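The sequence shown stops at residue 490 when you use UniProt numbering, and every number in between is there. In this text, a Cβ means the ideal position worked out from N, Cα and C, and glycines have one as well. If you're wondering where the values come from, they're calculated on a predicted model, not measured in any experiment. One structure below.
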Amino acid sequence: MSNLVVIENPEECPLHFDGVDTVSARTYLTGKECSRRGAFKVFNLCRSYRYQSMGYYVSLLAEARGHKAFPSILTIQDMKSSGLIRLTSDELEESINKALSGLDQQCKPCFNIYFGKSPGGLHASMAMDLYRRYPTPFLQAVFSWDKGWRLQNISPLAVREIPEGERAFAEETANTFFAAKRHVLPKKHVSRFDLAILHNPEEKIPPSNERALQRFIKAAAGLGIAAELITRDDADRIFEFDALFIRETTSVDHHTYRIARKAASEGLVVIDDPVSILRCTNKVYLAEVLRQNSVPAPKTLIVHSRNIDEALREFAFPVILKQPDSSFSQGVSMARDEKEFLAMLKRLLDKSDLVIAQEFLPSEFDWRIGVLDRQPLYACKYFMAGSHWQIIQRDGAGQIKEGRVETVPVEFVPQQVLKTALRAANLMGDGLYGVDLKQKDKQAYVIEVNDNPSIEQGFEDNVLKEELYDRIMRVFLARIQASKKGNWLL
Numbered sequence: 001m002s003n004l005v006v007i008e009n010p011e012e013c014p015l016h017f018d019g020v021d022t023v024s025a026r027t028y029l030t031g032k033e034c035s036r037r038g039a040f041k042v043f044n045l046c047r048s049y050r051y052q053s054m055g056y057y058v059s060l061l062a063e064a065r066g067h068k069a070f071p072s073i074l075t076i077q078d079m080k081s082s083g084l085i086r087l088t089s090d091e092l093e094e095s096i097n098k099a100l101s102g103l104d105q106q107c108k109p110c111f112n113i114y115f116g117k118s119p120g121g122l123h124a125s126m127a128m129d130l131y132r133r134y135p136t137p138f139l140q141a142v143f144s145w146d147k148g149w150r151l152q153n154i155s156p157l158a159v160r161e162i163p164e165g166e167r168a169f170a171e172e173t174a175n176t177f178f179a180a181k182r183h184v185l186p187k188k189h190v191s192r193f194d195l196a197i198l199h200n201p202e203e204k205i206p207p208s209n210e211r212a213l214q215r216f217i218k219a220a221a222g223l224g225i226a227a228e229l230i231t232r233d234d235a236d237r238i239f240e241f242d243a244l245f246i247r248e249t250t251s252v253d254h255h256t257y258r259i260a261r262k263a264a265s266e267g268l269v270v271i272d273d274p275v276s277i278l279r280c281t282n283k284v285y286l287a288e289v290l291r292q293n294s295v296p297a298p299k300t301l302i303v304h305s306r307n308i309d310e311a312l313r314e315f316a317f318p319v320i321l322k323q324p325d326s327s328f329s330q331g332v333s334m335a336r337d338e339k340e341f342l343a344m345l346k347r348l349l350d351k352s353d354l355v356i357a358q359e360f361l362p363s364e365f366d367w368r369i370g371v372l373d374r375q376p377l378y379a380c381k382y383f384m385a386g387s388h389w390q391i392i393q394r395d396g397a398g399q400i401k402e403g404r405v406e407t408v409p410v411e412f413v414p415q416q417v418l419k420t421a422l423r424a425a426n427l428m429g430d431g432l433y434g435v436d437l438k439q440k441d442k443q444a445y446v447i448e449v450n451d452n453p454s455i456e457q458g459f460e461d462n463v464l465k466e467e468l469y470d471r472i473m474r475v476f477l478a479r480i481q482a483s484k485k486g487n488w489l490l
């Protein structure tokens with residue numbers, strides 16, 4: 001997308017922006033060139049965003065045209081809500097009071113924020129926190145004392161109201177932002193939308209290897225989507241995108257969930273969405289929802305400090321114990337006798353009030369069924385790691401050994417396995433899931449549902465090849481288009 005600065009009268013703007021087009025609000029609202037869909041990121045610098053003003057209509061029509069507006073209509077409305085401002089103040093209480101400590105409690109400090117930066121680097125953390133919550137090019141925040149510093153008001157800062165002593169800083173910050181490196185599509189493609197792919201280059205067992213990530217980018221480009229790899233350090237930029245694809249192992253008490261939640265609140269299409277992360281990363285939830293919906297699973301009991309005797313009566317050894325937020329075979333143990341069971345259970349209950357105890361079903365391999373948009377996407381057999389009882393084996397030194405992977409055409413998967421996998425995945429939502437199952441005789445049993453399934457080049461894509469990545473990107477495209485059509489008037 002091209003950057004476009006919109007202001008009532010560009011000739012009166014005291015700032016000079018490099019490498020971007022600047023047009024008047026009237027030209028943007030009525031000109032044919034600016035009405036093209038999905039072509040621009042619109043930085044709305046109009047002096048007022050009050051209801052039915054020029055500034056209001058610039059952001060409103062930007063969303064109607066599929067442009068990315070800063071601020072968006074939702075952000076404009078958020079800045080008018082005293083309730084949301086109070087909530088922001090509560091959330092940022094520590095950051096605000098740390099930044100303003102030592103100031104006269106009788107005054108009402110007022111600070112200007114330019115693309116998340118503050119002049120002289122003062123209050124940098126607080127400035128970025130506020131910018132992330134109210135993504136607007138230029139902001140003004142006012143505080144007051146009430147048993148602690150509170151955010152009293154936050155509003156857009158009009159260009160002409162920027163103090164003369166801060167204009168050079170505002171101009172430099174804006175130009176640095178506009179010049180920041182973005183993923184550029186080949187010239188033969190026209191970027192209609194922007195997709196952020198969150199990954200962690202340092203992760204030992206990432207859900208997608210580097211070759212797979214590059215194939216996602218290529219598939220997106222073929223659909224006119226500019227895909228960019230981001231890390232947690234880019235969280236403050238999330239509002240620049242139309243969609244977020246998480247390719248980093250997720251957890252609730254983790255930046256992956258916080259970034260997903262922020263992206264969803266900004267109206268982005270998100271896979272893995274925060275609800276799926278909440279549901280799939282907790283084995284207690286999974287056990288209960290499978291039970292309530294009569295989805296076959298190994299015999300399972302939610303264990304707590306008062307029903308340990310019941311657990312001992314219910315299961316024959318060996319028995320599997322799982323901490324609620326376990327993933328990638330971590331936090332999952334096998335107790336071979338009562339002594340091991342009690343020792344392992346004590347360690348797990350020290351971390352969580354509830355633990356999952358589950359019948360052990362030995363098998364040569366686990367089925368992994370990839371599900372996207374409530375449809376089967378791929379199928380694999382994950383074999384056990386050597387003579388180990390899991391598909392991943394970790395030794396005391398932290399070394400990892402994985403079993404082999406055999407990719408199978410979906411149409412060759414036993415129908416009972418496929419049907420059970422879809423039932424389980426559809427209880428989680430309509431995102432991207434990896435359902436692990438064991439097959440015993442003609443019955444399939446759900447072991448777990450992963451919200452962040454592995455998709456690695458050379459493994460899960462061995463049957464569909466490039467089509468696997470294309471299918472995922474087509475779902476993103478359809479959802480982005482639907483969100484642009486259905487949500488812009490909200």
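In the DSSP annotation of this structure, the continuous segment of the beta strand (DSSP E) that includes Thr-407 starts and ends at 405-408. Looking at the DSSP output, Tyr-433 sits in a beta bridge with Val-371. Remark: three or more beta-carbon pairs, one from each stretch, lie closer than 8 Å, so the stretch 448-457 and the stretch 201-213 are flagged as touching.
Your pair Gln-358 and Lys-322 checks out as a contact, with CB atoms roughly 7 Å apart and the cut at 8 Å. Close CB contacts of Phe-138 within its chain, under the 6 Å cut and outside five residues either way in sequence, are with Tyr-114, Leu-157 (chain order). The straight-line gap separating the alpha-carbon atoms of Glu-12 and Met-473 is approximately 43 Å.
DSSP places Thr-22 outside any alpha helix (DSSP H); the residue lies instead in the beta strand (DSSP E), whose first and last residues are 21-24. Using a Cβ distance threshold of 8 Å, Cys-46 and Val-20 do not count as a contacting pair.
Separation of Ala-421 and Ile-308 (C-alpha to C-alpha, rounded to the nearest whole angstrom) is 31 Å.
Beta-bridge analysis with DSSP links Tyr-378 to Gly-370. For Pro-109, no beta strand (DSSP E) run applies, since DSSP gives it neither H nor E. Closest option to Ala-287, judged by alpha-carbon separation, among Asp-272, Asp-325, Tyr-134: Asp-325.
Going by DSSP, Ala-179 is part of the alpha helix (DSSP H) stretching over 167-179. For Asp-78, the enclosing alpha helix (DSSP H) begins and ends at 73-80. For the options Phe-412, Val-410, Tyr-285, Leu-244, the alpha carbon positioned closest to that of Leu-427 is the one of Tyr-285. Contact check for Val-417 and Gln-439: beta-carbon distance about 6 Å, within the 8 Å limit, so the pair qualifies. Counting only runs of 3+ residues, the beta strand (DSSP E) found wholly inside the stretch 276-351 occupies 300-303, 319-327, 330-335, in chain order. The C-alpha of Leu-151 lies about 41 Å from the C-alpha of Val-355. Exclusion of the five residues before and after Asp-353 leaves His-304 as the residues of its chain whose Cβ lies within less than 7 Å of its Cβ. Ala-297 and Pro-318 do not touch by the CB rule: their CB atoms are close to 17 Å apart, not below 8 Å. In the three-state reduction of the DSSP assignment, Arg-237 falls in the helix class, which pools H, G and I. One Cα belongs to Ala-221, the other to Tyr-131, and the distance between them is close to 30 Å. Excluding sequence positions up to five before and after Lys-381, its CB lies within less than 6 Å of the CB of Phe-365, Glu-406, all in the same chain and listed in chain order.
In the structure shown, the three-state DSSP call for Phe-360 is coil. Counting only runs of 3 or more residues that sit fully inside the stretch 110-162, the beta strand (DSSP E) segments are 110-114, 138-145, 149-156, in chain order. Cβ neighbours of Pro-206 within its own chain (closer than 8 Å, five residues either side excluded): His-199, Asn-200, Arg-247, Glu-248, Thr-249. Burial is judged here by how many other beta carbons sit within 10 angstroms of a residue's own beta carbon; Cys-107 has fewer than 16 and is exposed. Pairwise C-beta distances place the stretch 162-174 out of contact with the stretch 97-105, as fewer than three of them are shorter than 8 Å. Rounded to the nearest whole angstrom, the C-alpha separation of Ala-482 and Pro-10 is 34 Å. Ranked by how close their Cα comes to the Cα of Arg-160, the residues Ala-478, Ser-333, Leu-15 have Leu-15 in first place. The continuous beta strand (DSSP E) containing Ile-7 extends over residues 2-7. Within its own chain, the residues whose Cβ lies closer than 6 Å to the Cβ of Val-410, once the five positions on either side in sequence are excluded, are Pro-376, Ala-379, listed in chain order. Going by DSSP, Gln-443 is part of the beta strand (DSSP E) stretching over 443-450. For Ile-205, there is no enclosing beta strand (DSSP E), since its DSSP letter is neither H nor E.
In this structure, Ile-238 sits near Ala-196, with a CB-CB distance shorter than 8 Å. Judged by their CB atoms, Gly-66 and Lys-351 are not nearer to each other than the 8 Å cut-off.
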